[in-house]
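Just so we're aligned: the sequence shown equals residues 0 to 338 in numbering that gives the first Met the number 0.
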Amino acid sequence: MADTNQTKKIMLSGIQPSGELTLGSYLGAIKHWPARTEEFDCYYFMADLHTLTVRQKPADLRKRTLTQLAAYIACGLDPKKNVLFIQSHVPEHAQLAWVLNCYTMFGELNRMTQFKDKSIKNNDNINAGLFTYPALMAADILLYQADCVPVGEDQKQHVEICRDIASRFNSIYGDVFKVPDPYIPPVGARVMSLTTPTNKMSKSDTDQNGCVYLLEKPEDIKRKFKKAVTDSDTENCVRYAPKEKAGVSNLMQIYSAFTDKSFADIEREFEGLGYGAFKAAVGETVADSVAPIREKTNELLADKAYLENIYREGAEKASYIAHKTLRKVYKKVGLVPRF
Ligand code: TRP
């Protein structure tokens, strides 16, 4: 937990509550978070301000933000050991973002590949927030003097611009910000689509049978696995060969991630049984493994007072650090302190 006699390094990550959590985000990220508290003081926040760069339905955004918080706790993130909060509850994020906007160059923002991609996808709403998004993300990170920022490959450029902004600011005003390192977790389990196993499993996949959600009903999960595309070879044999047998290999990865069985063990287990039996078994295992997470999430969502307590406490802890950094920044740039 964030304590004042800082011994552990600080890790921080933001997650946009812009969609449902997939099996891929669980196996690739969330599942590994609880163990990190041994090495780091961890901050995780729901980046709700970031989601406003794309139009959201207000009621959905509220619901997804709370569901995401509940799901993280259900996945084993202990709110006593991690600081869990909602970005908009800590106004220093927006306040520092304004200052950093003035230390971020138009040309730098114009080079961001995510801005280019999102401008194409939302070409009826290319708003200024979409453009200055990296300055807000830099504020998120720099407020907490984070050492380490775990992000997916797609966010690496944003951590790099954050480093540039921090260094630029520091070179003018002295050592105000810690310059953070990106941390791209090793892709232990890169989960592929069940229907197009050469593509990453993604919530934006047009074929919803390709994507399994963490909080999906067990019968839907089982159905999706039964329908999963296996390979068009005539072998009908469970064997790990990611190039020739992308579908089967993906299912083996998933099965192995949930059971800790090696590929050799899995091959032995399903020898002579064919794809049908294998797909059914993987579906059962996944459905059974995530069922407690779904139940726990729903239980937590029903207990509003508990969740409120968690995010209030989280925001309080976060504010304590964020406020200190913002105060220093305001002072350095020459704003008159109110107190
Ligand atoms: N931009 C990140 C994403 O879309 C979310 C995010 C916002 C974030 N602020 C952050 C990630 C700060 C790490 C640190 O995935």
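Note that CB positions come from ideal geometry on N, CA and C, so glycine has one too.
Exposed unless 16 or more other CB atoms sit within 10 angstroms - verdict on residue i
i: residue 290; result: exposed
i: residue 74; result: buried
i: residue 0; result: Reliability fails at residue 0, whose pLDDT of 48 lies under 50, so the model's placement of it is uncertain and the value that follows must be treated cautiously. Result: exposed.
i: residue 265; result: buried
i: residue 210; result: buried
i: residue 296; result: buried
i: residue 277; result: buried
i: residue 32; result: buried
i: residue 314; result: buried
i: residue 246; result: buried
i: residue 138; result: buried
i: residue 249; result: buried
i: residue 86; result: buried
i: residue 252; result: buried
i: residue 338; result: exposed
Any non-hydrogen atom of ligand 1 closer than 7 Å to residue i Cβ
i: residue 203; result: no
i: residue 157; result: yes
i: residue 9; result: no
i: residue 49; result: yes
i: residue 45; result: no
i: residue 282; result: no
i: residue 140; result: yes
i: residue 261; result: no
i: residue 87; result: no
i: residue 94; result: no
i: residue 12; result: yes
i: residue 136; result: yes
i: residue 144; result: no
i: residue 150; result: yes
i: residue 55; result: no
i: residue 67; result: no
Distance CB(residue i)-CB(residue j) smaller than 8 Å
i: residue 105; j: residue 44; result: no
i: residue 179; j: residue 149; result: no
i: residue 282; j: residue 244; result: no
i: residue 13; j: residue 46; result: yes
i: residue 175; j: residue 328; result: yes
i: residue 229; j: residue 182; result: no
i: residue 236; j: residue 8; result: no
i: residue 11; j: residue 143; result: yes
i: residue 27; j: residue 190; result: yes
i: residue 214; j: residue 293; result: yes
i: residue 112; j: residue 164; result: no
i: residue 68; j: residue 320; result: no
i: residue 42; j: residue 89; result: no
i: residue 22; j: residue 70; result: no
i: residue 118; j: residue 108; result: no
(request) Please specify which runs of the alpha helix (DSSP H), each continuous and at least 4 residues long, are wholly inside the segment 232–308, giving them in chain order. (result) 245–258, 262–268 and 273–301
(request) Give, in chain order, every unbroken run of the alpha helix (DSSP H) that is at least 4 residues long and sits entirely within the segment 137–177. (result) 155–172
(request) Any chance you could list the beta strand (DSSP E) runs of at least 3 consecutive residues sitting entirely within the segment 73–130, in chain order? (result) 81–85
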